[in-house]
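Q: In the working numbering, the protein residues as written are 1 to 288.
See the structure below:
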């Protein structure tokens with residue numbers, strides 16, 4: 001009976017300067033981990049400041065809407081209605097003249113769908129619950145969170161500039177004086193541009209933090225070695241060898257390696273295929 005054959009593996013070959021390049025890569029990962037930790041700390045520290053700015057903005061939005069027009073709803077409901085109308089007006093101002101990218105369908109509208117769903121949540125807690133009257137503190141806390149999340153989604157694609165001026169398009173219904181910046185439509189764009197950008201910044205920051213949790217674990221020596229040989233295979237434009245290097249470490253490690261190399265900008269993904277970047281060539285000591 002023939003002896004049992006050992007399982008096929010893909011050994012990682014050690015090439016010249018391998019250890020030196022691996023140490024450089026480890027230092028790059030340590031630096032990225034330090035930067036991520038600093039970024040996370042600043043985000044957490046600055047979030048309360050942003051929430052204060054958001055609260056001030058929420059009060060400011062009530063100045064846009066003539067709240068006495070809805071006073072018959074009762075004080076609590078009228079204030080919430082004023083805030084809802086202000087948010088709706090600013091969001092609708094985008095569609096009067098969206099950016100060229102959105103007009104071409106390149107970006108934006110899925111984010112507005114999410115923003116619209118969040119606005120529906122605001123309407124639900126405003127009129128479908130008794131929170132405005134029974135628990136105003138909880139209501140306005142929830143309202144602020146959902147409102148900023150909604151504006152963050154809009155801020156992902158909103159880019160205020162001169163082309164947004166729509167005085168001659170909207171007519172006298174939406175604006176008072178087409179030659180001043182104090183018009184309602186202009187105030188809406190200024191407010192949406194500022195708060196949308198800030199909201200999107202905070203949401204993106206937390207997304208970056210939670211999306212980089214894998215970075216805290218880092219890469220072990222075996223994964224670092226595979227990363228170096230993978231980069232060398234890309235430099236040699238040997239796709240089969242690069243694929244073999246990823247197969248040698250398994251799916252989970254391969255995923256972490258790809259994340260790390262993309263995070264460090266060592267590789268670029270072009271048409272679904274990894275390509276060695278300028279930083280990757282510098283790491284390997286290759287000429288640009």
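Glycine included, every Cβ here is placed at the ideal spot set by N, Cα and C. The model shown is predicted, which means the values in this text are computed figures rather than measured ones.
Using three-state DSSP, classify residue 240 as helix, strand or coil.
A: Residue 240: helix per DSSP, three-state reduction.
Q: What residue range does the alpha helix (DSSP H) around residue 224 cover?
A: Residue 224 -> alpha helix (DSSP H) spans 221 to 235.
Q: Leaving aside the five residues before and after residue 150 along the sequence, list all residues of the same chain whose C-beta is less than 6 Å from its C-beta, in chain order.
A: Hits under 6 Å: 115, 118 and 119.
Q: DSSP on residue 135, reduced to helix/strand/coil?
A: Correct three-state label for residue 135: coil.
Q: I need the straight-line Cα distance from residue 135 to residue 128, nearest angstrom please.
A: Whole-angstrom Cα-Cα distance: 14 Å.
Q: What residue range does the beta strand (DSSP E) around residue 268 cover?
A: Per DSSP, residue 268 belongs to the beta strand (DSSP E) from 267 to 270.
Q: Please determine if the segment 39 to 50 and the segment 250 to 257 are in contact, where contact requires at least 3 C-beta pairs separated by less than 8 Å.
A: Flag = no, the segment 39 to 50 and the segment 250 to 257 do not touch.
Q: Once you ignore the five residues that flank residue 287 on each side, which residues in its own chain have a CB closer than 7 Å to its CB?
A: Nothing meets the Cβ criterion.
Q: For a quick check, are the C-beta atoms of residue 32 and residue 283 less than 8 Å apart?
A: Cβ distance not < 8 Å, so residue 32 and residue 283 don't count as in contact.
Q: Take residue 47 and list the residues in its own chain whose beta-carbon comes closer than 7 Å to its own, dropping the five residues that flank it on each side.
A: So the qualifying residues of the chain are 202.
Q: Pull up the distance between the alpha-carbon of residue 138 and that of residue 19, whole angstroms please.
A: Whole-angstrom Cα-Cα distance: 57 Å.
Q: Between the alpha carbons of residue 243 and residue 44, how many angstroms are there, rounded?
A: In a straight line, the C-alpha of residue 243 is about 39 Å away from that of residue 44.
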